[in-house]
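Residue numbers (my numbering): -12 to 219. Idealized CB from N, CA, C, for every residue including glycine. Being a predicted model, the structure only gives us computed values, none of them experimental. A short write-up of the structure that comes next.
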Amino acid sequence: MTHELPKLRYDFSALEPHIDTRTMAIHHDKHHQAYVDNLNQTLEGYEDLQDKSTFELLLELEALPEEIRSAVRNNGGGHFNHSMFWRCMSPKGGGQPGGGLAEAIQASFGSFAGFKDEFSAAASGLFGSGWVWLSMDGEGGLVVTTTPGHDVPFYKGLFPILVLDVWEHAYYLKYENRRADYIVAWWDVVNWDHVAGNFSTAKLNLGLGKAAEWAKTTWQRIEDSWAKLTDS
Ligand code: MN3
């Protein structure tokens, strides 16, 4: 299996004025493509690893041959995180989630505003390049965490449901050094329908616990169900 750059489900210009066209084009076609290419290059000569999904590779990172471990961590993580990031945004995004996700956010953070403040503060406070996550833990609670580089929340046993890229390449062309302004604008494109789908998937899997066990057989189905949620 060769890893492939996923198609965006909206135009590069669709998230204007919040995320600008040029940033989207370079971010998707150049940055994300490079992680995909580097991942494929890294796996050349490792035939037993070539059929595994990015999710499986990252879950089994410690078991990978040492000489390719950091390359898979960085490029596989870059591929996984960006694939999720694109789907967490939509031209019809913004506002607030409803249903079970809204209740879970209220239970874990007191209110939607409380969650938004905590997530935004984590995004502003993250030193250097990294990602901000809303994830489900093994008990069904929701937590905000950050990861450096292209690390994923799985390493802490968390199942991600929403992610924000705070690498400079995600905002510098439009917002320059003003990361806080980018974060404020980003809330207006968050695809809560997609995040609610991720939340349901996380609940079915009791956070990461069962997802990890099932990774081999069910990951494709999970990805398919995500795709369906965002195709409509
Ligand atoms: Mn990025």
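Closer than 8 angstroms: residue i CB and nearest the ligand MN3 heavy atom
{"i": "TRP154", "result": "yes"}
{"i": "ALA157", "result": "yes"}
{"i": "PHE220", "result": "The shown model of the chain, from -12 to 219, leaves out residue 220, and the question about it has no answer."}
{"i": "HIS5", "result": "no"}
{"i": "HIS69", "result": "yes"}
{"i": "HIS18", "result": "yes"}
{"i": "HIS14", "result": "yes"}
Residue i (DSSP reduced to helix, strand or coil)
{"i": "ASP35", "result": "helix"}
{"i": "ILE171", "result": "Looking at the sequence itself, residue 171 is Val, so the reference to Ile does not match. Helix at VAL171."}
{"i": "PRO140", "result": "helix"}
{"i": "VAL23", "result": "helix"}
{"i": "THR134", "result": "strand"}
{"i": "TYR(-3)", "result": "coil"}
{"i": "HIS156", "result": "helix"}
{"i": "LEU30", "result": "helix"}
{"i": "HIS5", "result": "coil"}
{"i": "HIS(-10)", "result": "coil"}
{"i": "ARG165", "result": "coil"}
N-terminal and C-terminal residue of the alpha helix (DSSP H) that residue i is part of
{"i": "GLY86", "result": "86 to 96"}
{"i": "ILE13", "result": "8 to 13"}
{"i": "LEU44", "result": "41 to 46"}
{"i": "PHE186", "result": "179 to 191"}
{"i": "TYR159", "result": "159 to 162"}
Segment limits, beta strand (DSSP E) that includes residue i
{"i": "VAL150", "result": "146 to 152"}
Proximity to residue i [Cα-Cα], best of the options
{"i": "TYR225", "options": "ARG56, TYR22, PHE(-1), ARG166", "result": "Residue numbering for the chain in the displayed model covers -12 to 219; residue 225 lies beyond these limits and cannot be assessed."}
{"i": "ARG(-4)", "options": "VAL59, VAL23, SER70, PHE99", "result": "SER70"}
{"i": "TRP118", "options": "ALA91, ASN25, VAL131", "result": "VAL131"}
{"i": "SER77", "options": "ALA167, LYS190, GLU49, PHE(-1)", "result": "PHE(-1)"}
{"i": "PHE96", "options": "LYS39, GLY128, GLN28", "result": "GLY128"}
{"i": "PRO140", "options": "VAL177, ASP104, TYR169, GLY65", "result": "GLY65"}
{"i": "TRP73", "options": "VAL182, GLY87, ARG60", "result": "VAL182"}
Length at least 3, wholly inside the stretch 50 to 131: the beta strand (DSSP E) runs in chain order: 117 to 123
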